[in-house]
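Novice: Pasting in a structure now, in structure tokens, and then I'll have a few things to ask.
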Amino acid sequence: SHAPGVVGLPPAAYDFLFSGAPSSFSSASASSSSAAAGSEHLGDLSAALGASARDMVAVHMLKLYEKYNREGSRPGDGNTVRSFKPKLEMINQKALYHFNLTSMEDSEMVLSATFHFYSDRRPRSREVICKRSKNSSCRLLHLQPLPRFHLIFRSVPQNTPLGLVKGNVTIFPHQRGVWQTKDISHIIKEAKQGGELLLLAELDSGEKDQVFHGPGPNNMPYILVYANDLAISEPNSVAVTLQRYDPFPASDTDPSSSPNASTDSRVRRDIYVPGSIHDNELPEVEYSVHHPHHLHHTHHPQHYHKHELWENAYKALKPKSSRKDRRKKGQDHNEMLTKSQMLNFDEKTMKKARRK
Amino acid sequence: QWNEPRICSRRYLKVDFADIGWNEWIISPKSFDAYYCSGACEFPMPKIVRPSNHATIQSIVKAVGIIPGIPEPCCVPDKMNSLSVLFLDENRNVVLKVYPNMKVETCACR
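As given, the protein sequences belong to chains L and E, one line each in that order.
Under the numbering used here, think of the first position of the first sequence as 5, with each following residue one higher.
Under the numbering used here, think of the first position of the second sequence as 8, with each following residue one higher.
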């Protein structure tokens, strides 16, 4: 059922979908412990997360974080993975999951997206049923129709009672695990392009009272969006996303208490440095002219050997010897000359420059 | 680190997100080895400080002292590594971002 959606999935998403990772999440209550098996660090992170570590989406994100840390993000993975948890809404006696995807930045180019939900309606393998049966027709007898779900995405209703349908996909549950995954890249890409980032998801199995989230409120369906943030290489990108403080916190909203309330109380902090704009000098820096003898006596770090110094940096400006002469010189001799002439050259350069 | 060379080199710096007040929303890592670059880029510069050609010229000009106000080249990060950060966004959703250039691998005079 995933085959059509596989195209375009980033490697990390593909691995997670098809490497059997979901089977380790087969029990919501044991999610953090099973995910942490074989990874003490993940266990530490789960502990750091506290109550939310029981949240399946948090566990999934921790696992991805571990994977990115361990292997690095491969080309095509993108540099951003966002998770989205819904709010449960009942509209016309139907359970709808309200996803707010507005935190996605404009600069984030969606590579793929996956929808994850809990369902214990999985097909029993015919192999398991017929294992003990010697009846060769067992398999034919147990050819029941496979359970399937319809996942319908709608826009948030405005003029219509249920909102416009934005996507409709059919899901055939996996053989293993109770957490199911479906690629919904095309729906999320279209939603982002259309600027409709509030979506209602409905899961329909054709049965009444079907609930598609695990035991407890922390195991609602969730969406993962893999994206490439084009602005992450921009200067200061880390502060744009991680440095979030309220410059006007609630306690400071009272104008009388705000330090910015009156311009009279503000102190002018800049200072006027005469001429600082019109020359190359940095303000408040004292410049001194180096004397020639300083170059070779005081500026040589004692712990550096000669071979660590630039040997070839000044070669091009040395007086060139003839090709014949150059051939005659042995390598060792050449190196010695280079070293000895490097300082001579420096001296010559300095003298010339000083003369000028 | 007082005993480390005064020439431009990488120095150890561990950044704890709690120290800069970001720990409320950053889930992991709690801290990371960021390192920093510090030290002099004096003439003549050794190979290990990987001066750019421009830095070499500037270093000479500075050493000659004929043009006032020219400083020594700066000791700055050269190669850097990315850092994966797991954090909560404004809506309390978990986000994973791989930030480039977060950790210094090598320093250079530029």
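Here a beta-carbon is modelled for each residue, glycine too, at the ideal position from N, C-alpha and C.
With which residues is residue 190 of chain L paired in a DSSP beta bridge?
Specialist: BP columns for residue 190 of chain L are empty, so no partner.
Novice: Does DSSP put residue 113 of chain L in a helix, a strand or coil?
Specialist: strand
Novice: Classify residue 174 of chain L: buried if its beta carbon has 16 or more other beta carbons within 10 angstroms, exposed otherwise.
Specialist: exposed
Novice: Would residue 20 of chain E pass as an interface residue toward chain L - the criterion being a Cβ-Cβ separation below 8 Å?
Specialist: Taking Cβ atoms only, chain L never reaches closer than 8 Å to residue 20 of chain E, which makes this a no.
Novice: In three-state DSSP terms, what is residue 17 of chain E?
Specialist: strand
Novice: Kindly indicate if chain E contains any beta-carbon less than 8 Å away from that of residue 95 of chain L.
Specialist: no
Novice: Assuming residue 381 of chain L is part of the alpha helix (DSSP H), what are its boundary residues?
Specialist: Look at the range of chain L in this structure, 5 to 360, and you will see that residue 381 of chain L is not part of it.
Novice: So which residues on chain C does residue 68 of chain L lean against when the C-beta distance must stay under 8 Å?
Specialist: Among the chains of the structure shown, chain C does not appear; the protein chains present are L and E.
Novice: Kindly list the residues whose CB is nearer than 8 Å to the CB of residue 72 of chain E, restricted to its own chain and excluding five residues on each side of it in sequence; keep chain order.
Specialist: Nothing meets the Cβ criterion.
Novice: Could you give the DSSP three-state label for residue 18 of chain L: helix, strand or coil?
Specialist: Note that residue 18 of chain L scores a pLDDT of 49, beneath 50, so its modelled location is shaky and nothing firm can be said.
Novice: For residue 110 of chain E versus residue 47 of chain E, is the C-beta distance shorter than 8 Å?
Specialist: no
Novice: Find the residues of chain L that neighbour residue 106 of chain E, judging by a C-beta separation of less than 9 Å, and give them in chain order.
Specialist: 83, 236, 241, 242, 245 and 246
Novice: Quick one: does residue 320 of chain L have its CB under 8 Å from some CB of chain E?
Specialist: Bear in mind that a pLDDT of 33 at residue 320 of chain L, under 50, signals an unreliable position, so the model cannot answer this.
Novice: What number of angstroms, rounded off, separates the C-alpha of residue 91 of chain E from the C-alpha of residue 230 of chain L?
Specialist: 14 Å
Novice: Please decide whether residue 430 of chain L counts as near chain E, where near means a Cβ-Cβ distance under 8 Å.
Specialist: Nothing about residue 430 of chain L can be reported from this structure: the residues present for chain L run from 5 to 360 only.
Novice: Let's test the definition: count the other Cβ atoms within 10 Å of the Cβ of residue 97 of chain L and tell me whether it reaches 16, buried, or not, exposed.
Specialist: exposed
Novice: Quick check on residue 41 of chain E: does DSSP put it in helix, strand or coil?
Specialist: coil
Novice: When we look at the beta-carbon of residue 251 of chain L and count the other beta-carbons within 10 Å, is it buried (16 or more) or exposed?
Specialist: Confidence at residue 251 of chain L is low in this model, with a pLDDT of 42, below 50, so its placement is unreliable and the value that follows should be read with caution. It is exposed - the Cβ of residue 251 of chain L has fewer than 16 other Cβ atoms within 10 Å.
Novice: Name, please, each residue of chain L whose Cβ falls closer than 8 Å to the Cβ of residue 23 of chain E.
Specialist: Chain L residues near residue 23 of chain E: none, gap ~14 Å exceeds 8 Å.
Novice: So for residue 184 of chain L, helix, strand or coil by DSSP?
Specialist: strand
Novice: Which value, in whole angstroms, describes the spacing of the CA atoms of residue 204 of chain L and residue 167 of chain L?
Specialist: 8 Å
Novice: Could you check whether the Cβ of residue 91 of chain E sits closer than 8 Å to any Cβ belonging to chain L?
Specialist: yes
Novice: Based on Cα-Cα distance, which residue from E/24, E/65 and E/59 lies nearest to residue 246 of chain L?
Specialist: Checking every option, the nearest Cα to that of residue 246 of chain L belongs to E/24.
Novice: Based on DSSP bridge pairs, tell me the residues matched to residue 120 of chain L.
Specialist: L/185 and L/226
Novice: Are the Cβ atoms of residue 157 of chain L and residue 208 of chain L separated by less than 8 Å?
Specialist: no
Novice: Beta-carbon within less than 6 Å of residue 83 of chain E's beta-carbon, same chain only, minus the 5 sequence neighbours each way: which residues are those?
Specialist: Contacts found: 44 and 117.
Novice: Checking contacts by CB at 8 Å: is residue 73 of chain L closer than that to chain E?
Specialist: yes
Novice: Leaving out the 5 sequence neighbours to the left and right, which residues in its chain are closer than 8 Å to residue 201 of chain L when beta-carbon positions are compared?
Specialist: Non-local C-beta neighbours of residue 201 of chain L in its own chain, meaning closer than 8 Å and more than five positions away in sequence, comprise 104, 105, 106, 108 and 195, ordered along the chain.
Novice: Along the alpha helix (DSSP H) that carries residue 60 of chain E, what are the first and last residues, could you check?
Specialist: 60-71
Novice: Note down the Cα distance separating residue 114 of chain E from residue 248 of chain L, rounded to an integer number of angstroms.
Specialist: 30 Å
Novice: I want to verify the contact list: residues of chain L whose CB lies under 9 Å from the CB of residue 111 of chain E, in sequence order.
Specialist: By Cβ distance, chain L contributes nothing, its closest Cβ being about 14 Å from residue 111 of chain E, past 9 Å.
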